[in-house]
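Some notes on the structure that comes next.
Protein chains: 2
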Amino acid sequence: MADLKLPSRSEDFSEWYNQLVLRAELAIYAPVRGCMIVRPYGWALWENITAQLDRRFKATGHVNAAFPLLIPQSFISKEQSHVAGFRPSWPCYARRRRKTGRAVGHPPDFGDDHRPRLREMDSVVPRSAGADQSVEQRGAVGTAHEAFLRTLEFYWQEGHTAHATYEEAEAETRLMLDIYTDFAMNEAAVPVIPGRKSSSERFAGADATYSIEAMMGDGKALQAGTSHNLGQNFAKAFEIRYLDQAGALQHCWTTSWGLSTRFIGAIIMVHGDDQGLILPPRLAPHQVVIVPIFKTDEEKALVFEAAKKIREQLVKAEIRVKVDEREGQSPGFKFNDWEMRGVPLRMEIGPKDVAKGSVVLARRDRPGKEGKNFVSRTVLPGRCSNC
Amino acid sequence: MADLKLPSRSEDFSEWYNQLVLRAELAIYAPVRGCMIVRPYGWALWENITAQLDRRFKATGHVNAAFPLLIPQSFISKEQSHVAGFRPSWPCYARRRRKTGRAVGHPPDFGDDHRPRLREMDSVVPRSAGADQSVEQRGAVGTAHEAFLRTLEFYWQEGHTAHATYEEAEAETRLMLDIYTDFAMNEAAVPVIPGRKSSSERFAGADATYSIEAMMGDGKALQAGTSHNLGQNFAKAFEIRYLDQAGALQHCWTTSWGLSTRFIGAIIMVHGDDQGLILPPRLAPHQVVIVPIFKTDEEKALVFEAAKKIREQLVKAEIRVKVDEREGQSPGFKFNDWEMRGVPLRMEIGPKDVAKGSVVLARRDRPGKEGKNFVSRTVLPGRCSNC
């Protein structure tokens, strides 16, 4: 099984990353250069990320909407002529189309609202959107990592709001930065430093750009989410206006903020080790994997029955659990496989464990004997969600 | 307010539909012909639809994945040369790209799997995907309804599976038809007839096409979801193969199945009346809207406090509830507005109701006095979810 070993992180971080993405079954490369297919394991991780963000967005009064793939080319030229530093090319155009694919707040669409409906109608967050080459893709990582980091197309949520004053827009910009920080720290266990970008790193067309920056395993920083105060720049370019109390038309103050599948890259690079991926328990598609151990058919029946009961118990406790029922694979193969795929907790159960009413729990983040424990089945759900 | 009245359904069904979509704030038309912007109210409805479908798909062992926007043009020509009746044109190409945008199972992507991983890896369901002109868009509705029905781009879920035998593929095709039927009847309260399409209505490239058909308010049938047994047709065109037990390569038997935002059109046309939309309670973005009624500031404070308490009570009972706190709009305006937008249950609360510890409940599906009841606040959550 020597050929299955990853390159070590200290030896070749970039190669470690690229092989890990494939072997952990997160994504594979598509036939079109720069495009990736996000495999079910990777997509389940992204679904958990977006669910946690969506919960936070909705709790702060934001709503979702969907915008079409296609916008008139004239909108692109308009943006180009009004926003310094914005240089569309054909590929950029193709990508922006998709950006608006689910993104709300492409300014002309505010047109039918005559009042600033702050965070009510105009403040929207798409569930996921498409390809855009933003400042996020010119991050600090200078190596050749590909999937989730430098692909032509990626997925993200994109939020937009319109406000009556600069102060309101600035407060919203910082609120969303706080939400990204909270999400990164408390759901993904990724330590980040929130801060304001220098004028050279600012998004073209923004008055201020804030970001969360995380430290990767190779000692480099990665920009993992951004929040922009757009001032009145886009409002003036696209005539986004509202009627004030006195009945006069005023330009809005707008914001935008986004977090992309690049964050999956951050999770990989922050938590992973030479054995593979390590997923934060709150976002992991499988929080616990049960590996049944047996030799005879009798033992198999006994162990599978116990595994099934434990699964039911954990499902009831809202723990995402999978029983590895694959035929023809040894327990050792399965251990390595789930280690590579970063499942936070492995549960081993054999005939002796069934007799004793116990299981073996092995923590992915503490390899070897240190993270291994015999645990009575009577305390199981609690020990799985809090170990 | 006479100009706010919809055309009656019997008078001009098509105009009734088109105006209702706009006035209920479900969608508006985008600047590119044939494209729509799904507004937050419409998108929340679609989110509830996809959540209910996703739950059913996952319970039957299906997983989600995401495919890129772009595929090589050669794939299109290949499909054209192998599948009789498939005629790509430029617009069709543009749409297909997006179809694969989230759809899994575009056949070459099965290439790295050497075993038929039935409903494990290859059986995937995208959360939402994009534009495709399928047999669904050539439905029985011959009028000029636009949004959700005849747009160039729409959203959908698309599922694909690969199997070792014809029988397995056929069982999967029918299982998904059953799931669509169950969803339509039990979540959307849309009565449908599941059945097999004639050979002339069959999807090009399929051995058998099944669909659910619903009866609209104008007496016409609408195809509301489809499930295809693709036989070995696509497997042979794209070399989708697996290793059988004897170690020989065999072509797979594949299926595909989808349900789109067209289903929102079905909900509108099945349930709506001359006053506007009527949403099925299990899918409605707001299941209950509370309209506070008051004249003085004192009354306002009293009524808002009661409304807030009731909201908390309903949220705890997992009922989706909104308090209409809009300033400067009369209760009558709000009643009409929520009637137009199809909220299943309206709750009115004024100072007298607060004193009596009661509220007024008005059912959207039973207009007038018949659907109106005075209800004690002590029995509220139950009466809201079961009336």
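Protein chains in written order, with my numbering: chain G, 1 to 387; chain F, 1001 to 1387. Every residue, glycine too, gets a C-beta built ideally from N, C-alpha and C. On a predicted model such as this, the values are computed, not experimentally measured, just so you know.
Contact set between residue i and chain G, taken where Cβ atoms lie within less than 7 Å
i, result
"F:F1067", "I37"
Residue j beta carbon less than 8 Å from that of residue i
i, j, result
"F:K1334", "F:D1324", "yes"
"F:Q1157", "F:T1050", "yes"
"G:K308", "G:H286", "no"
"G:I319", "G:C384", "yes"
"F:K1197", "F:T1209", "yes"
"F:R1262", "F:L1149", "yes"
"F:M1269", "F:T1151", "no"
"G:H271", "G:P280", "yes"
"F:R1363", "F:L1380", "no"
"F:I1290", "F:I1310", "yes"
"F:W1043", "F:I1264", "no"
"F:Y1180", "F:L1259", "yes"
"F:N1064", "F:L1283", "no"
"F:R1056", "F:F1183", "yes"
"F:E1187", "F:Q1329", "no"
"G:E299", "G:P331", "no"
"G:H160", "G:S256", "yes"
"F:V1038", "G:P72", "no"
8 Å Cβ cut-off: residues of chain G touching residue i
i, result
"F:A1307", "Here the premise fails: no neighbours, minimum Cβ distance about 17 Å."
"F:A1044", "V63, N64"
Anticipated Cβ contact below 8 Å, residue i with residue j, distance rounded
i, j, result
"F:A1024", "F:G1342", "6 Å"
"F:I1240", "F:A1162", "6 Å"
"F:Q1275", "F:M1347", "Wrong, their Cβ atoms sit about 18 Å apart, outside the cutoff."
"G:V303", "G:V360", "Not quite, the Cβ-Cβ distance comes to about 12 Å (not below 8 Å), so this is no contact."
"G:S211", "G:T173", "In fact, because the Cβ distance is near 11 Å, the residues do not count as touching under 8 Å."
Contacting residues, own chain, Cβ-Cβ under 7 Å from residue i (five flanking each side not counted)
i, result
"F:G1382", "none"
"F:S1074", "none"
"G:A306", "I349, V354"
"G:P367", "Q275"
"G:Q313", "L380, P381"
Beta-carbon contacts of residue i that lie in its chain and below 6 Å, excluding the five residues immediately before and after
i, result
"G:I476", "Past the edges of chain G, shown from 1 to 387, lies residue 476 of chain G, and the structure says nothing about it."
"F:S1134", "Legend: pLDDT at F:S1134 = 35, less than 50; position of this residue unreliable, value from coordinates given subsequently. For F:S1134, where only same-chain residues beyond five positions count, there are no Cβ hits under 6 Å."
"G:E170", "N229"
"G:V21", "A27, A147"
"F:A1140", "At F:A1140, the pLDDT of 32 sits below 50, so the modelled position is not reliable; the number obtained from the coordinates is stated separately. So the qualifying residues of the chain are K1220, A1221."
"F:T1254", "A1162, L1230, F1234, A1235"
"F:R1202", "T1209"
"G:G34", "T151, L152"
"G:A392", "Past the edges of chain G, shown from 1 to 387, lies residue 392 of chain G, and the structure says nothing about it."
"F:F1013", "D1218"
"G:G371", "A362, R363"
"F:M1216", "L1222, M1269"
"G:D207", "N229, G231"
Spatial neighbours of residue i in its chain, beta-carbon cut-off 8 Å, leaving aside the 5 residues before and after
i, result
"G:S358", "F374, V375, S376, R377"
"F:L1175", "T1060"
"F:Y1041", "A1024, E1025, L1026, P1285, R1341"
"G:S200", "none"
"G:P7", "E15, W16, Q19"
"F:V1288", "L1314, I1319, R1320, V1321, K1322, V1343, P1344, L1345, R1346, M1347, C1384"
Chain A within 8 Å of residue i, Cβ atoms only
i, result
"G:T181", "This model lacks chain A altogether; the protein chains it does include are G and F."
Between the segment 46-63 of chain G and chain F, which residues of the former have a C-beta closer than 8 Å to a C-beta of the latter?
-> W46, E47, V63
At a Cβ cut of 7 Å, what residues of the segment 145-179 of chain G count as close to chain F, listed as they run along the chain?
-> E153, Y155
Within 7 Å of chain G by C-beta, residues of the segment 1281-1292 of chain F in sequence order | none
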